[in-house]
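Just so we're aligned, residue 178 is where the sequence shown starts under this note's numbering, counting upward by one.
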Amino acid sequence: MRVVLIGPLPPPSGGMANQTLQLQRLLQEEGVAVELVQVNAPYRPQWLGRVRGLRAVARLLPYLASLWRALGRTDVAHLMANSGWSWHLFAAPAIWIGRLRGTPVVVNYRGGFAGEFLARQAAWVRFSMHRAARLIVPSGFLRAVFAEHGMAADIVPNIVDTGRFNPGGVLSGVPPVILVTRNLEPVYDNASAIRALALVRARVPHAQLVVAGSGPEKTRLKQLAESLKLGDSVRFTGRVEAADMPALYRSAQVSLNPSRVDNMPNSVLEALAAGVPVVSTRVGGVPYMVEHEKTALLVEPGVVADMAEAIVRILTDPALAERLRVAGLEMAQTYTWSQIKPQLFKVYQEAIRHQGPAALLNRGTGT
């Protein structure tokens with residue numbers, strides 16, 4: 178089988194970029210001939226990336242040329258898609274070029290902002306999606322969002338490489354670490370994590386917060402930590418490479434996902450695979466991934482007191498922490514490549530047989 182994989186690559190090490198890189202490797206290990214078309218390829222020459230009026234054109238034209246070549250010599254295309262301008266500039270053209278080249282395109286839609294995007298742009302998305310062979314999404318949350326707009330999707334979850342993570346034991350004699358592995362952007366609400374730490378330390382005085390990520394909010398978040406007199410108890414690591422993440426998880430007693438908008442965050446999957454109890458906001462696709470009190474503790478977004486209480490429960494109740502750890506490890510096994518591969522290959526095979534665009538829109542709804 179020949180597959181053209183279309184998507185971003187690190188840097189930066191975002192969820193979609195990491196999933197694209199991982200999928201390329203896993204498919205190649207299965208003997209699949211993979212050709213990658215990178216949507217965030219470096220600017221050539223580099224100075225073009227510094228010219229506002231030329232940046233989009235300088236990236237888009239080589240991308241379209243690469244798509245035209247690649248989609249003429251493959252069996253199926255796997256398109257990593259997202260909302261906003263990313264859809265219009267990179268995803269939609271891939272679908273249309275695939276149609277022109279006679280290549281079925283599997284659209285793998287991701288991101289927690291799909292509801293807002295489709296509320297405004299559903300007609301445009303349907304117009305292109307009608308030319309795609311299949312639509313897959315990583316969660317029941319996104320499947321429901323697309324169904325509201327007359328587009329049927331199959332669920333093919335994100336993949337976690339459990340072999341990368343060796344769950345650590347309980348560390349004694351060291352300050353407990355709360356780990357956040359989200360970029361420093363408003364949507365991920367790292368400010369609530371910092372405020373929660375202030376409440377946690379009133380009951381667990383030596384607790385520390387490690388924020389692993391980069392982004393435009395770094396200065397503001399540092400100022401917040403200083404204003405709360407948290408001092409060295411908050412550490413910003415900056416961007417962490419994927420190879421260094423397992424060690425970071427092994428150092429943590431709690432993994433906190435404070436996001437206000439989400440779909441199926443890799444950070445939660447990785448924490449489960451690493452045996453780290455999870456506290457997460459109950460947003461987007463997260464409740465489709467984990468169950469409150471069984472595989473994680475869930476709280477409402479922005480409710481700092483509840484976030485802190487959930488963290489304290491894990492830090493002060495070893496039985497609860499162990500129960501969540503064991504259940505999380507078990508659940509992570511359902512997201513391994515051995516479990517996801519048959520689902521994905523079935524989608525590829527059906528796309529190659531190409532059921533036709535009518536199968537995608539309102540498939541199985543009788544409309």
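Yeah, the Cβ is synthetic: ideal placement off N, Cα and C, and Gly gets one too. The model shown is predicted, which means the values in this text are computed figures rather than measured ones.
Here the stretch 280-290 does not lie against the stretch 494-502, with fewer than 3 beta-carbon pairs under 8 Å apart. Inter-residue distance for V481 and A373 is about 5 Å (C-alpha atoms, whole angstroms). Runs of the beta strand (DSSP E) spanning 3 or more residues and lying entirely within the stretch 255-336 occur at 282-286, 311-314, in chain order. For T458, the secondary structure class from DSSP, reduced to helix, strand or coil, is strand. Straight across, the Cα-Cα distance linking A487 with G292 is about 28 Å.
Contact fails between the stretch 514-532 and the stretch 452-469, because fewer than three Cβ pairs, one in each stretch, are under 8 Å apart. In this structure, the alpha-carbon of D338 lies about 19 Å from that of N440.
Looking at the DSSP output, E212 sits in a beta bridge with V181. In this structure, I355 keeps its C-beta atom at 8 Å or more from the C-beta atom of A375.
Taking C-beta atoms as the reference points, G275 and A254 count as a pair closer than 8 Å. Sorting V228, Q199, L182 by C-alpha distance to the C-alpha of R250 places L182 at the top. The beta carbon of P353 lies closer than 6 Å to those of A384, Q430, L492 in the same chain, with the five residues before and after it left out. If the five residues before and after V445 are omitted, its C-beta is found closer than 8 Å to the C-beta atoms of S432, N434, V455, S457, V463, M466, V467, A473, all from its own chain and listed in chain order. Cα atoms of Y240 and P219: separation of roughly 11 Å, rounded to the nearest angstrom. Nearest to Q215 by alpha-carbon distance, out of A233, G191, L186, is L186. In this structure L425 is buried. Its beta-carbon is surrounded by 16 or more other beta-carbon atoms within 10 angstroms. At a Cβ-Cβ threshold of 8 Å, G345 and G452 count as neighbours.
Between I336 and Y512, the C-beta gap is smaller than 8 Å, which places the two residues in contact. Secondary structure in the stretch 430-459: the beta strand (DSSP E) runs of 3 residues or longer, each lying completely within the stretch, are 431-434, 455-458 in chain order. Just measuring C-alpha positions, the residue of H531, E447, V460, R459 sitting nearest R502 is E447.
For Q526, the enclosing alpha helix (DSSP H) stretches over residues 514-530. The closest CA to that of L238, considering only N217, R227, D252, is found on N217. V357 sits buried, since 16 or more C-beta atoms from the chains shown fall within 10 Å of its C-beta.
Where V387 is concerned, the enclosing beta strand (DSSP E) starts and stops at 385-388. For the pair V333 and Q516, the Cα-to-Cα distance works out to about 10 Å.
Our two residues, Q520 and R311, have alpha carbons roughly 13 Å apart in a direct line. If you draw a straight line from the Cα of L361 to the Cα of R530, it comes to about 43 Å. G390 sits buried, since 16 or more C-beta atoms from the chains shown fall within 10 Å of its C-beta.
In the DSSP assignment, R250 falls outside any alpha helix (DSSP H) and carries neither an H nor an E.
Approximately 7 Å separates the beta-carbon atoms of R287 and M257; this is inside 8 Å, confirming the contact.
With a 10 Å radius around the Cβ and a threshold of 16 neighbouring Cβ atoms, Q201 comes out buried. Contact annotation: R341 and P423 have beta-carbon atoms nearer than 8 Å. Exposure of R221 is indicated by the presence of fewer than 16 other C-beta atoms within 10 angstroms of its C-beta.
The beta-bridge partner set that DSSP reports for A473 consists of H469. If the five residues before and after V438 are omitted, its C-beta is found closer than 7 Å to the C-beta atoms of G289, F290, V364, V460, G461, all from its own chain and listed in chain order.
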